[in-house]
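Input: a single structure, listed below in structure tokens.
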Amino acid sequence: MKKWLLLLVAIFVAFAMVACSGDDEGASGDSDGDSGSSDTSGDSGETAGGSDAEPVELTFWTFGSTGYGKLIEEYKDVAPHVTINYNEGEMNDVHNNLFTSLSAGSGAPDIAMIEVSEVAKFLEASSQFHNLNDYGAQDHADNFLDWKWLQAQSVDGSFQLGFPTDIGPTTMFYRTDVIEEAGLPTDRESLSAEINTWDAFYEAAKTINEATGKPIADSPTLVFNAIRDQQPEQYFNENDELIIEDTVKDAYDFTTKMIQEGLVGKNSLWTPEWGSAMNDGTYAFLPGAPAWMHGVVKDNAPDAEGKWDIMAIPEGAGNWGGSFLTIPAESDHPQEAYDFIAWLTAPEQQVKSFLDMGLFPSAPAVFEDEEFLALEDEYFSGAPRAQIFAEAAESVVPVYMGVNYGTVNTEIETAIMNVAEGADPQEEWDAAVQRIEQQLGRQ
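The working numbering numbers the first residue of the sequence shown as 62 and each following residue consecutively.
So, in structure tokens, the structure goes:
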């Protein structure tokens, strides 16, 4: 009898220990029972995850100079079980490699950066991506500028492709020495008041050219882009119908008129000549300059510190550039990938990205940050750069770009540069439209 009693006691103790062990495991796991995932809480995207969580490796493809490597190091303190393999490449290469991987069904990363002009193309392949709304993305929508959030959303709002990173609200950079030589006011407020329309910009161009012999702008495509980016519709409507005759032909005509009158130069963007002109002061304005362009100017014009300034663009800001962080469907760890990109694009991290690498925030809460607003750029004559771009960002309206945006833009820019070399504007426009229609017809 004693033996049976001892055996029953031993069995009872064993069951009790198993039950206690089960309770402990349930307490330390996630509510959905997946101990490998982590919950995202609060607007900051703060991630919960302990050192006892199952190790996870994520691959992350980006392009440009983001400085995200530093923030990835910080994230190790937030989610020590997550390792992020960070690969930075050229923008076109990243997009092409991503498209190839998605088409092949293998080789895509856990997280991919997509530039705004490519978003529509990848939205068409939304089945190849995780819908961020399934992980709670809508709870973070208010963290971002409305127009930026909508750029990566399906028309009906049911699918969210990515979290916004930076934006490129447009302003105008100007050379104070050229402006002074032309007899115009050099302080940004007075100059903005004098050049507050594109007609006034044209009149200023004549004044500058007569007084200095210099063009108002170096690259004709910058003039066109500046006006184009202000339009609520540009190349396509939401039915993907080509509408350039109604939306950007006026911008084309304005630009080519200035070319023919010798008021605008003929350098192509990103050429050595274009970069050298920034340093030499051979023109007055960089119109339609997005927030990220300040770094381009500094790199190309190291001897021009204090000779550049920033002012508002006539007739309202547009947006040039900016990206989104997406999660391809191939990812085996979408929850961990989601937690990371929610954290990386939260206002706290966007401030760091701006101060470190100049990525202009898409989170309007940052626009109230004292450190952010206090930023003055001595290179740009002490301009309150953050404040100027924040005001521009809040005036941007959403624009549908369409899958074939790049195709149309390339042909119109080709036409503009041909005019700069002496071709007839209307003939070049007609030829560009014909090429565009042929290319769209083949798709």
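Cβ coordinates follow ideal geometry from the N, Cα and C atoms, glycine included.
Restricting attention to A243, E250 and Q291, the CA atom closest to the CA of E264 is found in A243. With a cut-off of 8 Å on Cβ pairs, the region 450 to 464 is in contact with the region 204 to 212, counting three or more such pairs. Contact between W122 and A186 does not hold, since the beta-carbon distance rounds to 16 Å and is not under 8 Å. In the pairwise beta carbon analysis, the region 439 to 448 is classified as touching the region 359 to 376: at least three pairs are separated by under 8 Å.
Taking N479 as the centre and dropping the five residues before and after it, the same chain places the C-beta of E489 closer than 7 Å to its C-beta, in chain order.
For D360, the enclosing alpha helix (DSSP H) starts and ends at M354 to N361.
For V155 and T343, the gap between their C-alpha atoms comes out near 35 Å.
When the alpha-carbon of Q448 is set against those of E118, T468, P276 and F415, the nearest one is in F415.
DSSP places T144 inside the beta strand (DSSP E), whose first and last residues are V143 to G150. With at least 16 other beta carbons inside 10 angstroms of its own, V117 counts as buried. Here the alpha carbons of K137 and V309 stand approximately 47 Å from one another.
Under the DSSP assignment, G349 falls outside any alpha helix (DSSP H), being part of the beta strand (DSSP E) whose first and last residues are F346 to P351.
When DSSP reads this structure, A444 sits in a beta bridge with D438. Between the alpha carbons of D307 and L222 lies a gap of roughly 30 Å. The residues G336, M339 and N340, in chain order, have a CB closer than 7 Å to that of N361 in the same chain once the five nearest residues on each side in sequence are set aside.
Excluding the 5 residues flanking it on each side, W353 has same chain C-beta neighbours closer than 8 Å at D227, G229, G382, G419, L420 and F421, in chain order.
Beta-bridge partners of F224 (DSSP): L386.
Assignment of beta-bridge partners to V469 by DSSP yields no partner. Using a Cβ distance threshold of 9 Å, A390 and F262 do not count as a contacting pair. For L119, the enclosing beta strand (DSSP E) begins and ends at V117 to F124. Contact annotation: the region 289 to 303 does not touch the region 262 to 281, with fewer than three C-beta pairs closer than 8 Å.
Annotation: the continuous alpha helix (DSSP H) that includes W335 extends over P333 to D341. In the structure shown, F205 falls within a coil segment according to DSSP collapsed to helix, strand and coil.
Relative to the Cα of K131, the nearest Cα in the group Q410, A453 and T468 belongs to Q410. Straight across, the Cα-Cα distance linking N204 with L386 is about 15 Å. The beta carbon of I133 sits closer than 7 Å to those of I145 and Y147, all from its chain and outside the five residues before and after it, given in chain order. Put simply, the backbone Cα of E397 is about 48 Å away from that of T316.
One alpha carbon belongs to S167, the other to N158, and they sit about 11 Å apart.
Listed in chain order, the alpha helix (DSSP H) runs fully inside the region 378 to 423 are 395 to 405 and 408 to 418, counting runs of at least 4 residues.
With 16 or more other CB atoms across the displayed protein chains lying within 10 angstroms of its CB, Q291 is buried.
Listed in chain order, the non-local C-beta contacts of P348 below 7 Å within the same chain comprise M233, A278, L283, V284, A287 and I374, local neighbours out to five positions each way being set aside.
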